[in-house]
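Notes to accompany the following structure.
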C-alpha cells in the first residue's frame, strides 16, 4: 500500500485537475453534440465522474476522507438522476416514438 | 517536482520500478479515459456508447485505486458499471433504440459544440491555473480510503445527509415508477 | 400577550373553519370570533398602554417578532376589529359559494391587517403588508363579478409593484442602521439620513402607500376593482385597506424621513387636492352606483391624505377621526349598494328609480348614510372634515377652500345618486321589491348609530389619540405651533 | 361671571320637544293613525313656544341680558374648545318665539292641508326636525352649533322640497336648493375657521369681547365677514345664489310658508345680526351687503311682476323682502333688519298659508290666470290675504309699514339715491301684490268646473291669528314719530349693536312717509284699473311679448345663465375628466406599462424556441461568461 501511496506522489495534483477538466469538457461537448437523449445522459455521467475524480484526488492529497464521502453522495444522486432520466426516456419513446432531443421543443411554454 | 520528505534516490530498485509502473499507469489510464470519453461522444450507436463509457469507468476505478480510494473503486465498479450502465443497456435494448438511428445535428452545430467544448476546457484550465501556483504541502496517509475510515466519516459527520439521501432515493423511485407507468395520464400535449 | 391573542384569533379561527362544510356554522363562528376580537381590542383602550410583545425571531437579520401599538395603531386596530363583525354580518342569510373558504380567507385578511397595525419593525410590517394581499386576491378572483380576472390581475400587480419599492426602501434603510443592522422603527427614526437622500427616498417609500390609498394619479386600479369586487371584499378594501396605506405613510414617512416629507409636502397636498376635485367631478357622471361610490371614497381619502401631509395638530386629529368615520360610513354605503343590487338586480343608475315607494325604510337609512358621507353636522363625517379643513387652513387658505369643495361636490353627486336610486316614480319590473329584512337592520342600525354618536360626542376618540398626535405633529422640522399666526 | 339664572336651564327643552316629536312621528311612522302625527307634532312645537315664553319671562325677571346654557363639550382638543351650548339673549329669544310661534300655527294649519296625503306622518316628522334644527341655529352659543342648525335646516329644506318625490322636477329643485346652500355653507365654514384662528375661539361672547381690539377695516375681519356673508347669501337667497328659492316652491305650501318664507331664509339675516360687532368693523363688507340687498330687492321684485304662479309670485316677493332686510343690515341697522324679519314672518307666512288655502280650494291649481272671483267663495281667506297684502305693501298701520319705513328712513339717512331705489322696489312690490290679489280674488271665476270652497277651521284659525299679528305686529316697535318708544329695537339693543346714526328730524320723516303713501296709493289704483276695471289677464306664455316683458317673465334668463356657466361646464368637465383624462391618459398609461412589459416579454420569447440544444448552448455560454467574469474581476 505504501508503495502506491508514495508512487502517486510523483504525479502532481495539477495533472488530476487537467484530466478532470478534460473529461468534463468532453462531457459538456457531448451534451451539446448529440441528439440522442440516452447519449446525452451518458455524457452527463461522464461529467459527474470527472467531478468525482477530482474530489477523490483532493481527498487523497489532503488526507481527508470527507472528499470520498462526497463522491459517495454524488453517486447516490447520479443513480437517482439516471433512474428518473431513463424513465423519462422510456416515457418519451412511448409517446413520441423517438428519443430525439429536438422533439422536446415545448419548453417555450 | 519530488516533494520534500521523499527522496527518489533513497528508494530501492524494486520500489523505483513500482513507481515507474505507477506513473505509467496513471498516464495510461488517463489516455484510455480520454479516448473512450471521446468515443462516447463521437460514436453513433448507443450500444457502442455504453461500451465505451464502461471502459472509461473501469479506467476511472483504476484511478481510484491509484489514489488509495479502494472503497470508492469497488463502489464505483458496482454502482456505475454494474448498475447504472446496465440500466442504460437495458433501456436501449428494451426500447430497441439501437436500430433507430437518430440523425446527427447539423454540421454547424457540431462544430459549434466542439469549439464550445474547447473554449470551456481552456477557460477551466485558465481558472484552475491559479491553484497550480499555490502548491500546497501534501500530507499523505494510506488509510483514508479504507472502508473503516470512510465509514467513520460518513456515519459521524455526514449522518444526516446520508439519511436524507434515502429520501431522495425514495422520491426518485416513486418518480421513476410514476413516469414509467403506461396508463399515466400525461395529457395530450 | 393580549396583542398576540388579537393577532391570532382570526387566523386560528380561519384555519378551524377550513374543513367546516355547514355554511351557517361557518358564518356564526366567524362572527363570534370577530366579536371576541373586537372585545379584546376594546380592552386595549381601557388598559392603554399595554407593554408590547417581543420574541427574537431571525437573529442573523436582527429581526424580532415584536408587536406593540400607540394611539394611531389603536385607532386602526379599533377600526379593523369594529368593521369585521359587520363584514361578516353582511353575509348572514345570504347564499354564498364555498362559504368556509371565503370566510377563512376573510379571517386571514383580518389577521394580516392586525399584524400590519401591530408590527414594530419594518420587516414584520412588510410581511404582513404583503400577506393582506394574498387572501384578498383570492377573495376578489373567486367571488368577484364581471371581468374579475383582468381587474384582479391589474389590482394585484399594481399594488405589488408599489410594495417592491417599499421593500427596496426598507432594505436601504436597514443597510443604513449602525452596528448590528436592524429593522426596528425606533432605530429607523434615529437615522440621520442626508437631506438629498431623503428627497428621493421619499418617493421610494411613498409610492406603495400612494397606490394603496390611492392618491391621484395612482388610483386607476381602484374604480374597476371596487366595482367588480364582492361586497365583503370591497368592504375590506375600502373600509380598512385604504387606511392601511395611511397608517403606513404615518409610520414610515414622518418619523424616518421628515426632511423628505417637508420637501415634497406641498406637492403631495396639491396632488391630493387635485384628487379630491377630480374624483368628485368624475363621480357625478358615473352610471354605475358602485363606481360612483368608489370615486367618492377616493375623494374622501384624498382629503385625508392632504390632511396627513399638512401634519399639524388639527389635521392629524381630523385625519384619525376621519379614518374611523370614513370606514364606518363606506361600509354602510356598500352594504346598501349590495341590498340595492339584490333587490333590483342592477347597479346602473339609469335603470333605477322610485325604490323609496317600495322600500321606504331602506330609503331613510340610505339617506342617513349619504348624509354621513357628505359630512352633515352631527354626523361623524362633519367632525372629521371640519378638523381636516381647519388643519389645511393652517397651511394655506386655498388648500382649505379646495378641500372644502368636497362638501359641495359631495352633496352634488351623492344626492344625485340617492335621487336616481330612491326617488322618482318606480320603474317597471320593480314590483316585487320588499323592504329591509331584520338582518339588514342588525347591520345598518349599529353602523348608523356609530356615525351619529361619533358626530355628537367625538371626544373619546380625540382623547385616545391625543398623545400620539402631539408626538407626530412635532416631527417636521419647523415645529407647528398649536395655534400659529394666520397665514394671510 | 354672571350668576346663574334660575330655571334658565330649561332652555334645552326648547329644541328637545321638536326633536322628540321628530323621533316619535318618525319612528312610529306606520302605527300613527289619522291626524295623530299632526297633533303630536303641533303639540311639540306649541310646547316649545310655551317654554320659550317662560324663558323670556325668566330672563326678564333676572334682569340680565343673556345666559349661556352648556350641555356638554362637543369638540375639545388642543386649543379648540367648542361646547354644545345655547345662548339665550334677546335676539335668540325673539327668533325662538317667531320660529315656535309661527311654526306652531303652520303645523296646525298643515293638519288640515296635508290631510289627504299618504305620507303625512313623514311630513310632520320632517317639519319637527326642521323646527329642531332652526332652534339649534338661533340658540347656538357659538358659530359651530349655529352651523349644525344651519346645515340641518338645509337638509330639512331638501327633504321637504322633494316631499313629493315621485316628480323628478321636484327632486331636481330640492337638490338645487341643497347644493346652492352648500356653496354658501362652504364660505360659512371657512369663515368660521378664519374666525377660529383669529380669535382662538368660536363662541360668540368671547369673539365679540375680543373684537374691540381690532381696527375698523382690518383685513382679517373683512375676510371673515365676507366669508360669512357668502353663507348668508346662500341661505337667504340673495344674488347670486337666489334661484333655488323660487324652485323650492315645489314643496307643500306649509313648507314654503314655514321654511322658505318665515324662518329658514331669514337665518342669514339672523347670523349677520348676531355678528353685528364684526360687521361694524368691516365697512367694505357692509357696502357689499347694501349692493347685494338692493339689487336683489329690485330684481326679484321686477321678476315678480310677470310671474303667473301664485306661489312663485310670493317666492320672488320673499326674495325681494329678504333683499330689504339685507339692505337694512348693510346700513348697519341690524335691529331694523330683524324687525322686518319678524313682521315679514307674520305676513309672508299668512300670504303663503292663504295661497295654500286657495290652492287647496282650487284642487291644486296654482296659475293665477285661471283663478278669479274667489272673494265671494272664500271670504275669510280673502280678508286675511288682504291684510297681509296691505302689510307687505307698507300701508299704515299694518305691520309692514313700520318695519319697511324704518329701513327706508335708514336708507334715506345714508343717501337719497338708495332711498329712491328702495322706494321704487317697494312700489313694484305693492303693484305685483295687488295684481296677485286682484287676479285671484276679484273678477270672474275663470277655471271651469272648479268648485272653490272655504277651507276647514283647522286651516282658517291659524290664518286669523296670523292676520291679527300681521295687522298689529308693527305696534311692537312704534317709532318716536308716533310717540312710541321703539320697544323692539331697544329690546334687541343688548344683543345687537347697530351702527349709530343721527335720527332724521320728524318733519323730514313725515314728508317721506306722506310721499311714499301717495305713490303707493297711485300704484294700487293703477293696479285696480288694469286688473279689475279693464280685467286684463296676463298673456299666455307662448304669446309674443315686448323685449323687456319677455326678459322679466323669463327671470332675466338667470337660470339659463347658470346652466350655461356652471352646470354645462361641470358636466363637460366631468366627461372630459372621465373620458379623456381617466380613460385615455391615466388608466392607459398604467396599462401601457404592463403592455410594454408584456411586449418586451414577447420579444424575449422569440429566443425561447423550445429548442433544447439552444438552451444547452445558452447555458454553457452563460457559465462561460460567468467564469470569465470572475477571472477578470
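Residue numbers (our numbering), protein chains in the order written: chain V, 1 to 109; chain W, 110 to 298; chain P, 299 to 786; chain E, 787 to 1419. Beta carbons are placed, not taken as given, at the ideal position from N, Cα and C, and that holds for glycine.
{"Asked": "Less than 8 Å between CB atoms is the rule here; does residue 230/W satisfy it with respect to chain V?", "Found": "yes"}
{"Asked": "Report buried or exposed for residue 856/E, applying the criterion of at least 16 other Cβ atoms within 10 angstroms of its Cβ.", "Found": "exposed"}
{"Asked": "Is there a C-beta anywhere in chain P that falls below 8 Å from the one on residue 957/E?", "Found": "yes"}
{"Asked": "Can you tell me whether DSSP reads residue 657/P as helix, strand or coil?", "Found": "coil"}
{"Asked": "With a 10 Å radius around its C-beta and 16 neighbouring C-beta atoms as the bar for buried, classify residue 136/W as buried or exposed.", "Found": "exposed"}
{"Asked": "Count the other CB atoms, across all protein chains shown, that sit within 10 Å of the CB of residue 337/P; report buried if there are 16 or more and exposed otherwise.", "Found": "exposed"}
{"Asked": "I'd like to confirm the pairing. Which residues does DSSP put opposite residue 874/E in its beta bridges?", "Found": "853/E"}
{"Asked": "Please report the residue range of the alpha helix (DSSP H) in which residue 396/P lies.", "Found": "No alpha helix (DSSP H) contains residue 396/P, which DSSP labels as neither H nor E."}
{"Asked": "Less than 8 Å between the C-beta atoms of residue 687/P and residue 1075/E, yes or no?", "Found": "no"}
{"Asked": "From residue 31/V to residue 1402/E, what does the alpha carbon distance come to, in whole angstroms?", "Found": "8 Å"}
{"Asked": "Could one say the Cβ of residue 171/W lies closer than 8 Å to chain V's Cβ atoms, at least one of them?", "Found": "no"}
{"Asked": "Near residue 838/E, which residues of its chain fall below 6 Å by C-beta distance, leaving aside the five closest residues on each side in sequence?", "Found": "800, 882, 883 and 886"}
{"Asked": "Mind checking which residues open and close the alpha helix (DSSP H) that includes residue 355/P?", "Found": "From DSSP, residue 355/P is part of no alpha helix (DSSP H) but of the beta strand (DSSP E) over 351-356."}
{"Asked": "Give me the chain V residues within the contact set of residue 266/W, using Cβ-Cβ distance strictly less than 8 Å, ordered along the chain.", "Found": "66 and 69"}
{"Asked": "Which class does residue 482/P belong to by DSSP, given the choice of helix, strand or coil?", "Found": "strand"}
{"Asked": "Once you ignore the five residues that flank residue 727/P on each side, which residues in its own chain have a CB closer than 8 Å to its CB?", "Found": "none"}
{"Asked": "Residue 767/P: buried (16+ other C-beta within 10 angstroms of its C-beta) or exposed?", "Found": "buried"}
{"Asked": "Name the two residues that bound the continuous alpha helix (DSSP H) containing residue 140/W.", "Found": "122-151"}
{"Asked": "Pull the bridge partners of residue 759/P from the DSSP assignment, please.", "Found": "For residue 759/P, which the question treats as bridged, DSSP gives no partner whatsoever."}
{"Asked": "Using DSSP's beta-bridge definition, name the partner residues of residue 907/E.", "Found": "DSSP, once it has assigned bridges, lists no residue as partnering residue 907/E."}
{"Asked": "I think residue 1020/E touches residue 1057/E, with their Cβ atoms under 8 Å apart; what is that distance to the nearest whole Å?", "Found": "11 Å between Cβ atoms; not a contact."}
{"Asked": "Would you verify that the beta carbon of residue 772/P is, or is not, closer than 8 Å to some beta carbon of chain E?", "Found": "no"}
{"Asked": "When the distance is taken between beta carbons, is residue 731/P closer than 8 Å to residue 630/P?", "Found": "no"}
{"Asked": "Can you list, in chain order, the residues of its chain with a C-beta nearer than 6 Å to that of residue 1103/E? Leave out the 5 residues immediately preceding and following it.", "Found": "1090"}
{"Asked": "Can you name the start and end residues of the alpha helix (DSSP H) that residue 1406/E belongs to?", "Found": "1398-1418"}
{"Asked": "Rounded to whole angstroms, what is the Cα-Cα separation between residue 606/P and residue 638/P?", "Found": "34 Å"}
{"Asked": "In angstroms with no decimal places, state the Cα-to-Cα distance between residue 390/P and residue 1377/E.", "Found": "37 Å"}
{"Asked": "According to DSSP, is residue 305/P helix, strand or coil?", "Found": "helix"}
{"Asked": "Any beta carbon of chain V sitting closer than 8 Å to that of residue 1410/E?", "Found": "no"}
{"Asked": "Strictly by DSSP, which residues pair up with residue 926/E?", "Found": "872/E"}
{"Asked": "So which residues on chain E does residue 31/V lean against when the C-beta distance must stay under 7 Å?", "Found": "1402"}
{"Asked": "With a threshold of 8 Å between beta-carbons, can residue 456/P be considered close to chain E, or not?", "Found": "yes"}
{"Asked": "Can you find a CB in chain W that lies within less than 8 Å of the CB of residue 1399/E?", "Found": "yes"}
{"Asked": "Which residues in the same chain have their Cβ closer than 8 Å to the Cβ of residue 52/V, if we skip the five residues on either side of it in sequence?", "Found": "71, 74 and 75"}
{"Asked": "Identify which residue in 932/E, 953/E, 963/E and 930/E has its Cα closest to the Cα of residue 942/E.", "Found": "963/E"}
{"Asked": "Is it buried or exposed for residue 1333/E, if we count other Cβ within 10 angstroms and need 16 for buried?", "Found": "exposed"}
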